[in-house]
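Undergrad: In the order they appear, the protein sequences are chains D, W, L, H and A. Per my numbering, the first sequence runs over residues 8 to 285. Per my numbering, the second sequence runs over residues 8 to 279. Per my numbering, the third sequence runs over residues 610 to 1015. Per my numbering, the fourth sequence runs over residues 2 to 329. Per my numbering, the fifth sequence runs over residues -12 to 345.
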Amino acid sequence: MLDIAAGTETQVETLLEVNNIEVIYNHVILVLKGVSLNVPKGGITALLGGNGAGKTTTLKAVSNLLHSERGEVTKGSIVYRGKRVQDLDPAELVKMGVIQVMEGRHCFEHLTVEENLLTGAYTRGDGKAEIQRDLDLVYTYFPRLKERRRSQAGYTSGGEQQMVAMGRALMSRPETILLDEPSMGLAPQLVEEIFGIVKDLNEQEGVSFLLAEQNTNVALRFAHYGYILESGRVVMDGPAADLRENPDVKEFYLGMSEEGRKSFRDVRSYRRRKRWLS
Amino acid sequence: MLDGSDGYVTEDGRKIGAVVMEMKNITLRFGGVVAIENISFDIREGEIRAIIGPNGAGKSSMLNVISGFYIPQEGEVWFHGAKRPPMKPFEVARQGIARTFQNIALFEGMSVLDNVMTGRLTHMTAGIPAQALWKGRAEAEEVANREVAEKIIDFLEIQHIRKTPVARLPYGLKKRVELARALAAEPRLLLLDEPMAGMNVEEKEDMCRFILDVNDEFGTTIALIEHDMGVVMDLSDRVVVMDYGKKIGDGTPDEVRSNQEVIDAYLGVSHD
Amino acid sequence: DLVFPSLDYRTGPYAANGIPVADAYADYFEMINARDGGIGGVPARVLPCETGYNTEKGVECYEATKSEGSLVYQPYSTGITYQLIPKATADDIPIHSMGYGRTSAKNGKVFSHVFNYPANYWDGASIAIKHILDLNGGDINGKKVALVYHNSAYGKEPIRTLEDLAKKHGYELTLLPVDHPGQEQKSQWLQIRREKPDYVLMWGWGVMNQVAIQEAANIRYPMENFIGIWWSGSENDVLPVGEGAHGYKALALTSPGSDFKVYEDLKKYVYDAGKAAGNGDQMGTVLYNRGLYAAVLAAEAARIAQEIHGTPDITPGMMRDGMEALDITAERLAELGFEGFATPFKVSCENHGGNGMGAVQQWDAQAKTWTLVTDFIVSDADIIDPLIAEDSAAYAAENSIEERCN
Amino acid sequence: MPEQLLFAIEVTLNGLMAGVLYALVALGFVLIYKASGIFNYAQGVMALFAAMTLVGIMQGQVPFSHLINAVFGTEVHHFGWHVPGVVAILLTVGVMVVLAWMVQQFVMRHLVNQEPIILFMATIGLAYFLEGLSDLMWGSEIKKLDVGLPQGLNAWIDETTFNLFGYGFFIDNLDIVATIIAALLVAALVAFSQYTKQGRAMRAVADDHQAALSVGISLNFIWVLVWSVAGFVALVAGIMWGTKSGVQFSLSLIALKALPVLMLGGFTSIPGAIVGGLIIGVGEKLFEFALGPALGGATENWFAYVLALLFLVFRPQGLFGEKIIERV
Amino acid sequence: MFYREAGDFKTSYQEDNQTFPIRFDRYRYYAVLAVGFLVIPFLINDYWANAILLPFLIYAIAAIGLNILTGYCGQVSLGTGGFMAVGAYACYKLMTAMPEVSMFIHVILAGGVTALVGVLFGLPSLRIKGFYLAVATLAAQFFLVWLFNRVPWFYNYSASGQISAPERDVFGILITGPNTQAWATYLFCLIFLTGSAIIARNLTRGKLGRTWMAIRDMDIAAEIIGVNPLRAKLSAFAASSFFVGISGALFFSVYLGAVEVGEAFGINKSFLVLFMVIIGGLGSIFGSFAGAAFLVLLPVALKVVGVDWLGWPTDIVAHLQLIIVGALIVAFLIVEPHGLAQLWRVAKEKLRLWPFPH
Ligand SMILES: Nc1ncnc2c1ncn2[C@@H]1O[C@H](COP(=O)(O)OP(=O)(O)OP(=O)(O)O)[C@@H](O)[C@H]1O
Ligand SMILES: Nc1ncnc2c1ncn2[C@@H]1O[C@H](COP(=O)(O)OP(=O)(O)OP(=O)(O)O)[C@@H](O)[C@H]1O
Ligand SMILES: [Mg+2]
Ligand SMILES: [Mg+2]
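Pasting the structure below:
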């Protein structure tokens, strides 16, 4: 595997290393069957795959949120900056600079939008002024949130909640962000914006990303490296540019075939079948 | 293409009928927030009608108004040519309107099959004594409805998870189960709130196939909210565009796509 | 051996009251065994079973212990007593509910296996009124008497009697129920403060007692006009109130304190031998003495049963006969080391309820002691007997019981 | 003024005071509910445990003496010292913090992200546990608690009102003290939960355990913190009620008096606990005063609940509770 | 190896809808029934009947009832004690008013009366939700207890305010009163339990059950897809109270024989039954049995071990019992929040996969 951010040829440090992990839910349901991946410092790594492939599970395994879902990592190891982090408290991991934006938003319903954002700064100890600055930054990223800052998050629309979740993560000044389906339910314009922000943060602040996405198209446009997950296994990986050119990826994840993009109206006359499945 | 009340014919030759549902000057406010401001549009028999707009525009709220969950401060809802009196959501459902939800609202404690069967509740009538003894009407009804449910399960290709508790399913399958539940009600009007969020291309195509098949085979009228422009433009016959509570466009996909206001407010640079 | 089951409640809401009773019961038989080698040469065995004052556990205890040849049950809970009355009767095992339980069980013609000597709640009500009469030179016409009671079957027991007595003596009765558990009694005591009844009677239990006494002290109600039933008159009820409780009165079935010969034996054979039940710190308290009395009455009945049937190994049925033939004389009491502890009485086939006598005791908060301030007073049979006849007749009719003793 | 009216006023005043006492218990519930969405049934038993511990420490009782004596055949009961009230209170606070830590360590930690009813049940389990523990530790006899709080008729109010109306009002000194303490407590708690970072984190935890974890809030810390504060509030309630009615088992039942207060004020509102307490206190006393005699008395227990229920029908989240978010 | 469902195919939806679709389970169920009805009555004695089996059977019925409301319909109720009291007092009034009628009818009618009362107290559930509702049901608990205590008509004006069950029979066999046979009371309760379980199972596997579960899992969505929440909730209150009422009637008439309302049907009863339901497993009929068995047997077992075997003082054992029960409840919730029923399910799943770990 290459520890190389696409585009540059310099060797970079591996920040997060997942080695051959297995995850079991409820003691009986085996979901990840040996997943390995590396997130280089300063890179955007995408984790792609269909529904139920195990993307969310992988991210939760990294951020140690599995426990609260009655799941556990039974094999393999997860190493962050050379330190085994499997047995850490999620809060300690956040202090180390790893934060997750969970799938399905998970806002604090009864808190106002602004309070939600401020909880993101919970682990920080660098004073009110700094926090205020970051708050303003988030508001410039998402002006809609500024308008709704005094409303309870539970009453904001789906997309607004997604912004809250994202903004909240940014408030912790993370070093690594685990992003689970950031584009879900967002208007196209906003998807671009969010990925623009990801790119900004990555390039200007050096934040590393591990990104689980269904929107392969966008994800591969912004990521440096990608892993494709199917039924709990990594079936393919490589630099994003290479993946984008891979015919299988093109066909099944980007919806392109030799003849170019198909209309969704035509789905009734054809059906994609993965070569490696049946 | 819109010609009077008798409907129109689409490009691919489907006949669209008369207006089934008409929203007239709907205004919905939550305290200071105006979620919907004086919006009118209609939905015709057999058509696929899309509602698009930026986040927080009021699309889901509009579906909630149709379902009777939100009661607008102003405006009227006309259904099948008659003004709809104030109704509870479950009464609306019994008129043949089914829907899916943006934040999946499945019954997490039940299996997929049971969830689909809940969609049939409006069709079941056995009394409590019969059910208690599991005799007569109760059992016959159960079997008959089970057949319908199984058909829908087959149709949506979720046979293999029939007995799985829905809580364990991945997001995409949940969306499909939700569709199954809505279809089980055999609705005349089907409302879909972002049915394809969080899916990859392959799954979206599956979903599109189901939607088209439903529309075709059962003649179900469909109103859907979606952010994937590819899907919206390909699938829908007419599109309503909302922006912060206001309607900024209404027409065929092509009309909407070239509307400058829509491009500014929602589409941004075109990239499909 | 002779088995005496002891349905204790050393836990639960009324533990503080259950502990001394249970300790005394165990200690007394311990002493009998050590001193006399048992009763009639057969050692006695106390079989403790924890009920926590809970009816279902009471049933479990009963069922678990009855097969061991248990001679007599003393449930110390009105609820459990009601439970056991039909069951034990059917199983031919006697019950002794001393100063609680079903009042009309006094009528032995209907209740063959239930004994509630020496006095019952209706006696208690009558004794309290008699005491008030004594204080007022026999005339309480127009006086106001309030009853503060636990709003349960137990608390409501004296109401009929007090109403009938009110007709007879012309006092005015006010009823003030307090709901379980009784931690908040502001309304009741504000009402008392406002209406200034001349006397307040109390049928309380558990925390309700202390709160009532505390509230009475708070509103500066004259304590000597406040009289509790014998379940509202233990050290537990007055000690937490401190000085304020000084002068509070309560009815008593036995004399308080440990100034009795039996204590010498208890000390010698039990306490000093390190065999005291529980923490061994309850001697001489009101409830400990009550437990002792229950134990001595049980032991006496067993001895009489042995005599009647001519066998030292008696069955519960024989025990019942012994109880029915119980005759506690002053001499016998003295012999047993209980001189001046209680009054003589005699049980008969018709009368299972003893002499219906009780005394009034008063609390001295400085010395932290109870002292009897009256002699033992006998209740007003004219009022009570008809009530008992009526209630037991209803029971007999409901359960188609034929009268005995004819 | 007519007598009846004077009595009614007196009853109302006493109702207010009683309400404050209920509110003291309700506060503990609110705190924990706010911080973790847990309906902590053990709050009443915590008050009992705190009061028992306080008395035990003051009197120099040997904890678990009964058990020790039974197992080892020893005869230990007292250390033979008496600890002054203030010191004993401080020590008890320490014990409550330890208790909070244990609850977190052995119970809450393992129940992250479970449904509210499961957590509720766990607190009932905890209540049983603590109930057994307090008795085993300190014995089940009734204890007198005296930390020097005044009790009984307030003579000044009695005299003043007597001079004014010809009828002296009865107000209990203990109630006055309770009111002052409750007011201070509420002010402090409101400030804490509304204006501090921990307060905000606490409310976040109540909404979504997982999300709270994901932003780096340490559930463990928050829980220890909140349970400690709740333990402190329980101690205050235990002192008040213990002074009033002695320290013994029934103290744990005051929880039942606090529940309608909680409903009425709203599970999530600290000021709500006070307002709810006042309304319940006055309501039940006035009802008993006006209609009690006609209905046969002892209406207070159920009346509080029915009153709260009626309120809820109109405001399902209680007077000041957070609105229940209903959205699809 | 031990537990297989492979090769056990269904060819119709009726068969697939059976309570025990797996043949092995079905046989085990028949075996349990046979033992319960044909073997135990011959072995039983007073102690087993009165101290263990009767409370178990009766609490199991109550637990089934509460499980319908809380486990299936998601409405937490703390009024079970009060509703049991309604069953008991209704039964008492019927028994004394119509002595010649069979006890069977009385008990069922008592259930019916309780169902009506349950519906009445279920009305606020339309607006009040979650713990607010739980606390609100306490209003029922306190009010009903107060009422039965207060109005002498309910206890036939008896001097003590207690009610005691007179002797009544079914087909000439005594069921209540002191002179009953252990096997008769046992069988009487067992018949009610079996009937309750079957009816509850039928109700919960069909339309009504799904309506309830829909309300439980997400009431708004349920309403939007066509469930009338008022009817769903009230029917759950009715069905639940029906069973709870039956159990209250049996509790009073067959098991205790005499009760005082505040003591026998106090708030502790409500909690006890709720415990059974949760420890057993919310939304599982089997769980109701398991929970009832667990909470009836555990204290007895602890007592036998502590007092009879180890010879410790009864009070220490009783305190330890509280501590242990409390700790066990917490431990159970930690190990398996979905109760004994789920534990059993997982065990079966493991057996099915055995000897492979996953
Ligand atoms: N709490 C759980 N208990 C049991 N099984 C679970 C649980 N959570 C997830 N699973 C199972 O694990 C598998 C992987 O789920 P996961 O959520 O990781 O997929 P995903 O790749 O994120 O899919 P999606 O794109 O739909 O979010 C799925 O088959 C799912 O059924
Ligand atoms: N019950 C409510 N109370 C208060 N505000 C609400 C409520 N429901 C919706 N809103 C507000 O109304 C606006 C429209 O919300 P709606 O959910 O309809 O948006 P949407 O168009 O569906 O957006 P999205 O694409 O993000 O789902 C939002 O700003 C939201 O915060
Ligand atoms: Mg996912
Ligand atoms: Mg929406």
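Where a beta carbon is used, it is the ideal one built from N, C-alpha and C, also for glycine.
State the Cα-Cα distance for the pair I48 (chain A) and C176 (chain A), rounded to the nearest angstrom.
TA: Counted from its first residue, the fifth sequence places residue 48 (chain A) at position 61. Counted from its first residue, the fifth sequence places residue 176 (chain A) at position 189. If you take the alpha carbons of I48 (chain A) and C176 (chain A), they lie about 9 Å apart.
Undergrad: Taking only the alpha-carbon atoms, compute the straight-line gap between F24 (chain A) and L174 (chain A) and give it to the nearest angstrom.
TA: Numbered from 1 along the fifth sequence, position 37 holds the residue referred to as residue 24 (chain A). Numbered from 1 along the fifth sequence, position 187 holds the residue referred to as residue 174 (chain A). Cα to Cα, the separation comes out at about 7 Å.
Undergrad: Return the bridge partner residues of T783 (chain L) from the DSSP annotation.
TA: If you number the third sequence from 1, residue 783 (chain L) lands on position 174. T783 (chain L) pairs with L:A755.
Undergrad: In three-state terms, what does DSSP make of S1001 (chain L)?
TA: For the purposes of this step, residue 1001 (chain L) is identified with residue 392 of the third sequence, where counting begins at 1. It is helical.
Undergrad: Looking at ligand 4, does it come within less than 6 Å of S190 (chain D), judged from the CB to the closest heavy atom?
TA: Taking the first residue of the first sequence as 1, we reach residue 190 (chain D) at position 183. No, the Cβ of S190 (chain D) stays beyond 6 Å of every heavy atom of ligand 4.
Undergrad: If you draw a straight line from the alpha carbon of G196 (chain A) to that of I23 (chain W), how long is it in whole angstroms?
TA: Locating residue 196 (chain A) in the fifth sequence gives position 209, counting from the first residue. Locating residue 23 (chain W) in the second sequence gives position 16, counting from the first residue. Distance between the alpha carbons of G196 (chain A) and I23 (chain W): 40 Å.
Undergrad: How would you write the range of the alpha helix (DSSP H) that T129 (chain W) sits in, first residue to last?
TA: Position 122 of the second sequence holds residue 129 (chain W). Premise fails: T129 (chain W) is in no alpha helix (DSSP H) and is neither H nor E.
Undergrad: Whose C-alpha, out of L:G649, L:P684, L:G963 and L:Y691, is nearest the C-alpha of P153 (chain A)?
TA: In the fifth sequence, counting from the first residue as 1, residue 153 (chain A) sits at position 166. It is L:Y691.
Undergrad: Look at the alpha carbon of G233 (chain D) and the alpha carbon of A176 (chain D), and state the distance between them as a whole number of angstroms.
TA: On the first sequence, position 226 is the one that residue 233 (chain D) refers to. On the first sequence, position 169 is the one that residue 176 (chain D) refers to. About 22 Å.
Undergrad: Below 8 Å between beta carbons is the criterion; list the residues of the stretch 238 to 251 of chain W that meet it against any residue of chain D, in chain order.
TA: Of all residues in the stretch 238 to 251 of chain W, V238, D241 and L242 have a Cβ within less than 8 Å of some Cβ in chain D.
Undergrad: Starting from the C-beta of E873 (chain L), find all residues in its chain whose C-beta is less than 8 Å away, skip the five residues before and the five after it, and write them out in chain order.
TA: Position 264 of the third sequence, counted from the first residue, corresponds to residue 873 (chain L). So the qualifying residues of the chain are G946.
Undergrad: Smallest Cα separation from G621 (chain L): which of A:E323, A:L330 and A:A305?
TA: Residue 621 (chain L) sits at position 12 when you count from the first residue of the third sequence. Checking every option, the nearest Cα to that of G621 (chain L) belongs to A:A305.
Undergrad: Does any heavy atom of ligand 2 sit closer than 6 Å to the C-beta of K66 (chain W)?
TA: Taking the second sequence and counting its residues from 1, one reaches residue 66 (chain W) at position 59. At least one heavy atom of ligand 2 is nearer than 6 Å to the Cβ of K66 (chain W), so yes.
Undergrad: Ligand 2 and G63 (chain W): does the residue's C-beta get closer than 6 Å to at least one heavy atom of that ligand?
TA: The count along the second sequence starts at 1 and reaches residue 63 (chain W) at position 56. Yes, since a heavy atom of ligand 2 falls inside the 6 Å radius drawn around the Cβ of G63 (chain W).
Undergrad: For S285 (chain D), does the count of other Cβ atoms within 10 angstroms reach 16, so buried, or fall short, so exposed?
TA: The count along the first sequence starts at 1 and reaches residue 285 (chain D) at position 278. Residue confidence for S285 (chain D) is low, a pLDDT of 35 falling below 50, so the modelled location carries little weight; the figure read from the coordinates is stated next. The residue in question, S285 (chain D), is exposed, as its Cβ has fewer than 16 Cβ neighbours within 10 Å.
Undergrad: DSSP three-state call for T15 (chain D): helix, strand or coil?
TA: For the purposes of this step, residue 15 (chain D) is taken as residue 8 along the first sequence, with counting starting at 1. With a pLDDT of only 46 at T15 (chain D), under 50, the local geometry of the prediction cannot be trusted, and the value read off the model is given with reservation. If DSSP states are grouped into helix, strand and coil, T15 (chain D) belongs with coil.
Undergrad: Taking the alpha-carbon of Y857 (chain L) as reference, which of L:D922, L:W839 and L:N888 has the nearest alpha-carbon?
TA: Looking up residue 857 (chain L) in the third sequence gives position 248. Minimum Cα distance to Y857 (chain L) is reached at L:W839.
Undergrad: Taking C-alpha atoms, which residue in L:G710, L:Q800 and L:R912 lies nearest to A934 (chain L)?
TA: If you number the third sequence from 1, residue 934 (chain L) lands on position 325. The option with the nearest alpha carbon to A934 (chain L) is L:R912.
Undergrad: Any idea which residues DSSP pairs Y173 (chain A) with across the strands?
TA: For the purposes of this step, residue 173 (chain A) is identified with residue 186 of the fifth sequence, where counting begins at 1. Its beta-bridge partners do not exist; DSSP assigns none.
Undergrad: Who pairs with G837 (chain L) in a beta bridge, going by DSSP?
TA: Numbered from its first residue, the third sequence carries residue 837 (chain L) at position 228. Its beta-bridge partners are L:M811 and L:A859.
Undergrad: By how many angstroms is the C-alpha of V98 (chain H) removed from the C-alpha of M103 (chain D)?
TA: Locating residue 103 (chain D) in the first sequence gives position 96, where the first residue counts as 1. Locating residue 98 (chain H) in the fourth sequence gives position 97, where the first residue counts as 1. Those two C-alpha atoms are separated by around 28 Å.
Undergrad: Would you say T894 (chain L) faces chain A, with C-beta separation under 7 Å as the test?
TA: The residue given as residue 894 (chain L) occupies position 285 in the third sequence. With 7 Å as the cut-off, T894 (chain L) does not count as an interface residue toward chain A.
Undergrad: Output the distance between the C-alpha atoms of H231 (chain D) and S84 (chain D), rounded to the nearest integer angstrom.
TA: Taking the first sequence and counting its residues from 1, the one referred to as residue 231 (chain D) is at position 224. Taking the first sequence and counting its residues from 1, the one referred to as residue 84 (chain D) is at position 77. Going from the Cα of H231 (chain D) to the Cα of S84 (chain D) covers about 24 Å.
Undergrad: Strictly under 7 Å for the Cβ-Cβ distance: is N253 (chain D) near chain W by that measure?
TA: The residue given as residue 253 (chain D) occupies position 246 in the first sequence. So no, N253 (chain D) is outside the interface.
Undergrad: Output the residues surrounding ligand 1, defined as those with a CB atom closer than 5 Å to any ligand heavy atom, in chain order.
TA: Every residue passing the under-5 Å Cβ criterion appears here: D:Y32, D:I36, D:V38, D:N58, D:G59, D:A60, D:G61, D:K62, D:T63, D:T64, D:E76, W:R175, W:P177, W:Y178 and W:G179.
Undergrad: Does P657 (chain L) have its Cβ less than 7 Å from a Cβ in chain A?
TA: For this step, residue 657 (chain L) is matched to residue 48 along the third sequence. Taking Cβ atoms only, chain A reaches closer than 7 Å to P657 (chain L), which makes this a yes.
Undergrad: By Cβ distance, which residues of its chain are closer than 6 Å to H93 (chain A), with the 5 residues on each side in sequence left out?
TA: As a working note, residue 93 (chain A) is residue 106 in the fifth sequence. Result list for H93 (chain A): C78, L81 and M82, in chain order.
Undergrad: In this structure, does DSSP put C1014 (chain L) in helix, strand or coil?
TA: Reading the third sequence from its first residue, position 405 is the one you call residue 1014 (chain L). It is coil, neither helix nor strand.
Undergrad: What residues in its chain sit with their C-beta under 7 Å from that of E11 (chain H), if we drop five residues either side in the sequence?
TA: Translated into the one-based positions of the fourth sequence, residue 11 (chain H) becomes position 10. Excluding positions up to five away in sequence, the list reads F170 and F171.
Undergrad: If you drop the 5 nearest sequence neighbours on each side, which residues of the same chain put their C-beta closer than 7 Å to that of L180 (chain A)?
TA: In the fifth sequence, the residue the question calls residue 180 (chain A) occupies position 193. Closer than 7 Å at Cβ, skipping near neighbours: L44, A47 and I48.
Undergrad: Which bits of chain A does Q115 (chain H) rub up against, with CB to CB less than 8 Å?
TA: Start at 1 with the first residue of the fourth sequence, and residue 115 (chain H) comes out as number 114. The answer, in chain order, is L320 and P324.
Undergrad: Rounded to the nearest angstrom, what separates E852 (chain L) and N70 (chain H) at their Cα positions?
TA: Looking up residue 852 (chain L) in the third sequence gives position 243. Looking up residue 70 (chain H) in the fourth sequence gives position 69. So the two alpha carbons sit approximately 33 Å from each other.
Undergrad: From E327 (chain H) to V63 (chain A), what distance separates their C-alpha atoms?
TA: Stepping through the fourth sequence from its first residue, residue 327 (chain H) is reached at position 326. Stepping through the fifth sequence from its first residue, residue 63 (chain A) is reached at position 76. C-alpha separation (whole angstroms): 19 Å.
Undergrad: Roughly how many angstroms separate the alpha carbons of G98 (chain A) and F229 (chain A), rounded to a whole number?
TA: Looking up residue 98 (chain A) in the fifth sequence gives position 111. Looking up residue 229 (chain A) in the fifth sequence gives position 242. Rounded to whole angstroms, G98 (chain A) to F229 (chain A) spans 4 Å at the Cα level.
Undergrad: Hey, which unbroken runs of the alpha helix (DSSP H) at 4 residues or more fall wholly within the stretch 63 to 147 of chain A?
TA: 67 to 84, 90 to 109 and 117 to 137, all fully within the stretch 63 to 147 of chain A.
Undergrad: Spatial neighbours of Y623 (chain L) within its chain, please: C-beta separation below 8 Å, excluding the five flanking residues on both sides.
TA: The sequence position of residue 623 (chain L) within the third sequence is 14, counting from 1. Around Y623 (chain L): Y662, W814 and G815.
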